[in-house]
Amino acid sequence: QLLNFSSRRSILSRHRTIRSISTTSGPLRKAQAVPKSDDHEVKDEPIKYFNSAASRWKAEQTRSGQVDMDMPWFQPYVVNLSVVVFLLYFCVFREENDIDRGLESSLYDHIPGLEQKQLLVNYNYNKENGLSTVEIENRMKELGMEY
Numbered sequence: 001q002l003l004n005f006s007s008r009r010s011i012l013s014r015h016r017t018i019r020s021i022s023t024t025s026g027p028l029r030k031a032q033a034v035p036k037s038d039d040h041e042v043k044d045e046p047i048k049y050f051n052s053a054a055s056r057w058k059a060e061q062t063r064s065g066q067v068d069m070d071m072p073w074f075q076p077y078v079v080n081l082s083v084v085v086f087l088l089y090f091c092v093f094r095e096e097n098d099i100d101r102g103l104e105s106s107l108y109d110h111i112p113g114l115e116q117k118q119l120l121v122n123y124n125y126n127k128e129n130g131l132s133t134v135e136i137e138n139r140m141k142e143l144g145m146e147y
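Using my numbering, you'd call the opening residue of the sequence shown number 1 and step up by one each time.
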């Protein structure tokens, strides 16, 4: 069905050109429509920049958002204290467990054949690029590998 007359008129009125002249000091104010004149004249004069809210807008407000943060005065102290307590617990007071002891050992102890494969890859790379292979060859001899 077609829209009734009043709703069509409200839709059309939303799409009409609105000229915004704001004299408020705060950023992000809603645009205020200039009262329409009966003769529908369009003024050819420029909009005054220095009397508008745009002259008081800072680039920092665009990048960082709201300048005046609504943060309580004690928030930095609470955050810093929480970080200190967290670090003290995990770095000083916490006892080691089996997971910590497992993380202390080498990865080569957990995955069989990984060290041999890594040595072969490093040996081939060093040979192709003319780098020294003495340390790799010594380790390969210790493990009983052929190169």
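We put the CB at the ideal spot given by N, CA and C, even for glycine.
Separation of the CB atoms of R139 and L114 is rounded to 13 Å, and the pair is thereby denied contact status at 8 Å. I136 is the residue among I136, E128, I99, F93 whose C-alpha sits nearest the C-alpha of Q116. 8 Å or more divides the Cβ of T133 from the Cβ of K141.
Taken through DSSP and simplified to helix, strand or coil, D44 comes out as coil. C-alpha of S82 to C-alpha of E45: approximately 58 Å in a straight line. Following the DSSP letters along the chain, one finds Y108 inside the alpha helix (DSSP H) bounded by residues 107–110. Proximity to Y123 across L143, H110, Y147, Y108 peaks at Y147, based on C-alpha coordinates.
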